[in-house]
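The structure under discussion appears below in the form of structure tokens.
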Amino acid sequence: MNKQRRQHIKKNIDALEAIKSNLECILSEEEDYFNNMPENLQGSMRGEDSEEAIDVLSEMIDIIDECIDGLSDII
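FYI, the working numbering numbers position 42 of the sequence shown as 62, with every residue one higher than the one before it.
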């Protein structure tokens, strides 16, 4: 792989890291929201939606980590 393509991949890695950081902030806010929710609301539809959002955000962050690792391996 030539230098130019490695630089393009590095820019994409940087972009993925920025997206990951943003998602981690959103995840932290959602976790705080859920944890500060009264227990009777945690079991409600609103609480379930929040838990689902937490699960999906966590999974997406893991996937982005895998992408970053894979791209880093080839540069």
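Even glycine gets a Cβ: it sits at the ideal position worked out from N, Cα and C.
With fewer than 16 neighbouring CB atoms inside 10 Å of its own CB, Ser-48 falls in the exposed class. Ser-41 counts as exposed, since fewer than 16 other beta carbons sit within 10 angstroms of its beta carbon. Per DSSP, the continuous alpha helix (DSSP H) segment holding Asn-42 begins and ends at 23 to 55. Taking a C-beta distance under 8 Å as the contact criterion, Ile-88 and Leu-43 do not qualify as a contact pair. Exclusion of the five residues before and after Asn-56 leaves no residue of its chain whose Cβ lies closer than 6 Å to its Cβ. Excluding the 5 residues flanking it on each side, Leu-77 has same chain C-beta neighbours closer than 7 Å at Leu-43, Ile-46, Leu-47, Glu-50, in chain order.
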